[in-house]
Amino acid sequence: MHVHFREPGLEYKETVASGAAAAVAGGFTAVACMANTDPVNDSPSVTAHIRQLAKQAGLARVHPIAATTQGMKGERISEFGALKEAGAVAVSDDGLPVGDPAVMRRALEYSRLHDLPVIEHCETLELTGEGAMREGAYAAQIGLPGIPAASEFIAVERNIALAEITGARLHIAHLSTARSAAAVRRAKAAGIRVTAEVTPHHLILTDEAVGDYDTAAKMKPPLAAEADREALLTAIADGTADAIATDHAPHHEDEKKLCFQSAPFGIVGLETAVPLVLERLVASGIIPLAQAVRLLSTGPRRILGLPGGDLRPGSPADITLLDLEATSTINPASFRSRGRSTPFAGLSLRGQVVATWVGGREVYSQSANR
Ligand SMILES: [Zn+2]
Ligand SMILES: [Zn+2]
């Protein structure tokens with residue numbers, strides 16, 4: 076539902092090929108990649124180029140998400156029709172949220188004409204300021220500037236209101252606060268066309284994972300309080316959230332080695348998500364296995380209007396084989412991704428990906444990679 080593959084322009088962090096290799100090793104047959112490349116994916120030529128790179132790699136299906144606004148500057152809307160024709164499945168300025176509500180309203184209106192969902196990273200940059208982790212007792216204790224929960228939920232509530240008045244499809248990226256989840260639940264009950272995703276890290280960790288200034292726990296939105304984490308678990312169990320998304324955001328090792336305040340926001344997630352979901356959410360009894368499959372597979376496909384996600388005759392044979400009993404240890408040195416930064420390194424988890432097929436072709440096998 077939500078990854079960053081960094082190509083074109085930032086290949087030292089990740090390429091389409093390395094990202095697609097990480098995807099299939101993590102059990103993902105398809106991914107949707109965000110537009111914050113260099114150049115930004117705001118033109119049909121960049122969208123087509125990303126698709127071509129994915130085709131050459133021949134691993135996961137890669138569905139580009141185009142920028143909502145030109146250059147992700149939050150001013151002029153991109154050409155949604157031409158982008159969709161080139162293969163874009165949604166639009167988003169993820170990472171640089173659309174600040175001006177009038178621009179967001181126009182983007183939502185325009186998206187309706189082209190039946191494209193608008194995915195929004197809900198953040199109020201003025202409230203985030205210089206914040207590096209979630210505002211709260213732990214940030215105060217270790218002396219880091221905080222990002223208030225309101226930075227997110229004010230933007231969530233604004234964007235839901237704009238979705239309501241435009242009738243457009245809004246997808247909210249990486250919910251991280253209890254109040255955001257409550258807003259989505261209310262909006263759905265009111266019939267507003269809103270969907271939402273949650274990441275594994277927000278479902279499993281809290282702000283205390285920052286520990287001793289560990290940059291592997293620095294991402295946006297920041298890890299939140301225990302009450303928020305519990306509300307997110309409820310949201311994936313009761314259908315408020317439609318998808319679990321990794322927000323796989325690789326950076327170079329040297330960048331994540333900087334001091335906490337200088338290091339970039341973002342962690343990898345494609346090669347850790349499935350075992351984390353299987354052990355921490357399914358085996359622990361929070362959601363049944365079928366709900367995990369919905370959240371990781373059919374939910375995202377429905378939001379993005381993609382075929383597949385089932386095992387019917389005629390459907391694309393995109394299949395992931397899981398072993399629910401096998402135990403493995405998360406070892407970043409073995410990642411296919413160029414990014415290595417994860418707060419889950421060293422964790423031993425039960426449940427793993429055995430093999431992955433895309434379009435009937437085996438693109439990953441654990442035994443072949445031993
Ligand atoms: Zn984001
Ligand atoms: Zn993202």
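Reminder that position 75 of the sequence shown reads as 150 in this note's numbering, one-by-one numbering, no gaps.
Where is the CB? At the ideal position from N, CA and C, for every residue including glycine.
Since the structure is predicted, the reported quantities are computational estimates derived from the model, not experimental observations.
{"Query": "Using three-state DSSP, classify proline 382 as helix, strand or coil.", "Result": "coil"}
{"Query": "Under 8 Å: do the region 328-345 and the region 302-314 share three or more Cβ pairs, one atom per stretch?", "Result": "no"}
{"Query": "Taking all protein chains shown into account, decide if glutamine 127 is buried (16 or more other Cβ within 10 angstroms of its Cβ) or exposed.", "Result": "exposed"}
{"Query": "Any heavy atom of ligand 2 inside 6 Å of the beta-carbon of aspartate 168?", "Result": "no"}
{"Query": "Just confirm the distance between the C-beta atoms of serine 110 and serine 167, as a whole number of angstroms; I'd bet it's less than 8 Å.", "Result": "Before going further, note that residue 110 is alanine rather than serine in the sequence given. The Cβ separation is near 6 Å, so the contact holds."}
{"Query": "What's the gap between the Cα of valine 285 and the Cα of alanine 299?", "Result": "11 Å"}
{"Query": "Between the Cα of tyrosine 288 and the Cα atoms of Leu219, Val273, Leu397, Pro275, which residue gives the shortest distance?", "Result": "Leu219"}
{"Query": "If I follow the unbroken alpha helix (DSSP H) through glycine 94, where does it start and stop?", "Result": "91-100"}
{"Query": "On the criterion of 16 or more Cβ atoms from any shown chain inside 10 Å, does lysine 295 qualify as buried, or is it exposed?", "Result": "buried"}
{"Query": "Measuring alpha carbon to alpha carbon, tell me which of Ala248, Ile240, Leu280 ends up nearest alanine 265.", "Result": "Ile240"}
{"Query": "Looking at threonine 122: is its Cβ nearer than 7 Å to the Cβ of leucine 158?", "Result": "yes"}
{"Query": "From what residue to what residue does the alpha helix (DSSP H) around proline 139 run?", "Result": "That residue, proline 139, is in no alpha helix (DSSP H); its beta strand (DSSP E) goes 136-141."}
{"Query": "For histidine 138 and alanine 348, what's the separation of their Cα atoms in angstroms?", "Result": "19 Å"}
{"Query": "Quick one: residues in its chain with C-beta nearer than 6 Å to the C-beta of lysine 331, no 5 flanking neighbours on either side, listed in chain order?", "Result": "Thr290, Ala338, Ser416"}
{"Query": "With distance defined between alpha-carbon atoms, name the residue in Ala302, Lys293, Ala358, Arg411 nearest to glutamine 336.", "Result": "Lys293"}
{"Query": "Quick one: residues in its chain with C-beta nearer than 6 Å to the C-beta of alanine 97, no 5 flanking neighbours on either side, listed in chain order?", "Result": "Leu345, Glu346, Arg411, Ser412"}
{"Query": "Could you give the C-beta distance for leucine 379 and alanine 107, rounded to a whole number, given that I count them as a contact under 8 Å?", "Result": "6 Å"}
{"Query": "Is the region 315-334 touching the region 273-280, taking contact as three or more C-beta pairs under 8 Å?", "Result": "yes"}
{"Query": "Does ligand 1 have a heavy atom nearer than 6 Å to the CB of alanine 420?", "Result": "no"}
{"Query": "Is it the case that the Cβ atoms of arginine 181 and isoleucine 152 are separated by a distance below 7 Å?", "Result": "yes"}
{"Query": "Taking only heavy atoms of ligand 2 into account, decide whether any of them is closer than 6 Å to the Cβ of aspartate 322.", "Result": "yes"}
{"Query": "Apart from the five residues on each side of it in sequence, which residues of its chain come closer than 7 Å, Cβ to Cβ, to proline 223?", "Result": "Leu202, Glu210"}
{"Query": "When the Cα of leucine 188 is compared with those of Met208, Gly156, Ala161, which residue comes out closest?", "Result": "Gly156"}
{"Query": "How far does the beta strand (DSSP E) with glutamine 427 in it extend, from its first residue to its last?", "Result": "423-433"}
{"Query": "Excluding five sequence neighbours on each side, which residues of the same chain lie with their C-beta closer than 7 Å to the C-beta of lysine 130?", "Result": "none"}
{"Query": "Whole-angstrom Cβ separation of serine 390 and proline 382, contact assumed at under 8 Å?", "Result": "7 Å"}
{"Query": "Do glycine 374 and alanine 306 count as a contact pair if the criterion is CB distance below 7 Å?", "Result": "no"}
{"Query": "Would you say the beta carbon of alanine 142 comes nearer than 6 Å to a heavy atom of ligand 1?", "Result": "no"}
{"Query": "Grab the span of the beta strand (DSSP E) containing histidine 246 for me, first residue to last.", "Result": "245-247"}
{"Query": "Looking at the unbroken beta strand (DSSP E) that takes in aspartate 329, where does it start and where does it end?", "Result": "Run containing aspartate 329: none in the beta strand (DSSP E); it sits in the alpha helix (DSSP H), 328-331."}
{"Query": "Apply the 10 Å Cβ neighbour rule to cysteine 334 and answer buried if 16 or more other Cβ atoms are within range, or exposed otherwise.", "Result": "exposed"}
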